[in-house]
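The block underneath contains the structure these notes are about, expressed in structure tokens.
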Amino acid sequence: MTDATSLHAWHPSVPGVREVLHARMTDHAYPAHAHADWALMLVDEGAVVYDLGGRRRIADATSATLLPPGVAHDGRAAPGATVFRKRVVYLDASWMPESLAGAAVDRPARADLLAATRRAHRALATAGEELAAEAALVAVAEEVRAGSGGPAPVRDASLARRLRDLLESDVPAGLTLAEAGRVLGAHPAHLSRSFSATYGLAPHRYLTSRRVDLARGLLVGGARPADVAAAVGFHDQAHLTRHFRRVLGTTPGRFASSADERTLSPGEGSARAVGLPAA
């Protein structure tokens, strides 16, 4: 490995994910090889030329690349590009039906998968965002199925309510879509789709918002942000702060400080309660 080449690989606690690899390659050419897993790749810099299914392909920043299990491919920097930087998530072969492998060989470059794949990789690289990563990967699989003539989505409000009850039963602990699917006897994709259609947000967003709700109560009661983060299910205080600010527009510390102010004039309470200046 040259000084300009870097690799980082890890095993996140996300159902179906075997490995995540981030790599910056300068002069390496992958020989023909095959994986037992699905590979979902983003190319962030440069471009990669590879042979798959007897055809020359290119992977670049304009699309996500989906490679099926068991099909040989190689890889090298595209002509004129001496460097390429990529992010790859390797997914268990059961992540998507084997019957869709042929469609992936025919069309590995998918611009329509780009947004969900970026969400997945962003969440995979962020501690505490495992459920968000799982949801994004479910969305990718659903998009592939839809583009391959799969069955039309079916909304199930009853199932959505059961999932909400399951999430509410232990908000701090939470659960993955795969776990919920086993409990409720439904595919994770159907669970996520039905929940989003019924409640207007994805299950992981719902769970995060409920954790923020719990955090507010503890902060008003005088608990320290670091203790609150652990108590309500966030990975750490930084994870709590990121989502607290996204939902309420202020930090947990400012919110907690505002709760100690007892001399607010009429009309200030609602604004000051979230650490914002009064109108």
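In terms of our numbering, the sequence shown opens at residue -1 and continues consecutively. Ideal Cβ placement from N, Cα and C applies to all residues, glycine included.
Judged by DSSP in its simplified three-state form, Ser167 adopts coil rather than helix or strand. Burial of Arg209 is indicated by the presence of at least 16 other C-beta atoms within 10 angstroms of its C-beta.
Nearest neighbour of Val245 by Cα position, chosen from Arg203, Pro223 and Gln235, turns out to be Arg203.
Excluding residues up to 5 positions away in sequence, Leu50, Gly51, Pro66 and Val69 lie with their Cβ nearer than 7 Å to the Cβ of Val103 in the same chain. Straight-line spacing of the CA atoms in Ala101 and Leu38 works out to 14 Å. It is roughly 12 Å from the alpha-carbon of Leu165 to the alpha-carbon of Gly179. Here DSSP, grouped into helix, strand and coil, assigns Glu17 to strand.
Shown here for Ala7: same chain residues with a beta carbon closer than 8 Å to its own, the five before and five after excluded, namely Glu17, Val18, Leu19 and His20 in chain order.
The three-state reading of DSSP puts Thr239 in helix, counting H, G and I together.
One alpha carbon belongs to Asp163, the other to Pro201, and they sit about 11 Å apart. For Glu127, there is no enclosing beta strand (DSSP E), as DSSP marks it with neither H nor E. At a Cβ-Cβ threshold of 8 Å, Leu111 and Ala62 count as neighbours. In this structure, Ala158 lies near Tyr197, with their beta-carbon atoms less than 8 Å apart. For Ser4, there is no enclosing alpha helix (DSSP H); the residue is found in the beta strand (DSSP E) stretching over Ser4 to Trp8. In this model, Trp93 and Ala221 are separated by some 41 Å (Cα to Cα).
For Asp25, the secondary structure class from DSSP, reduced to helix, strand or coil, is coil. Rounded to the nearest angstrom, the gap between the Cα atoms of Arg83 and Thr248 is 35 Å.
Here DSSP, grouped into helix, strand and coil, assigns His71 to strand. For Ala130, the closest of Ala91, Ala176, Val142 and Tyr48 by C-alpha to C-alpha distance is Ala176. Setting aside the 5 residues that flank it on each side, Ala59 is surrounded in the same chain by Val41 and Asp42, each with a C-beta closer than 7 Å to its C-beta; the list follows chain order. Annotation for Arg85: His20, Leu40 and His119 place their beta carbon closer than 6 Å to its own, counting only its chain and skipping 5 residues before and after. Within the DSSP bridge table, the entry for Leu89 names Val15 and Trp36 as partners.
DSSP places Asp49 inside the beta strand (DSSP E), whose first and last residues are Val46 to Leu50. Short of 7 Å from the beta carbon of Ala121, and not among the five residues preceding or following it, lie these beta carbons of its own chain, in chain order: Glu127, Ala130, Ala131 and Ala134. Between the beta-carbon of Gly231 and that of Pro170 there is about 4 Å, and that keeps the pair under the 8 Å contact cut. For Pro29, the number of other beta carbons within 10 angstroms of its own is below 16, and it is reported as exposed.
In this structure, DSSP gives Asp234 a state outside helix and strand, which the three-state scheme calls coil.
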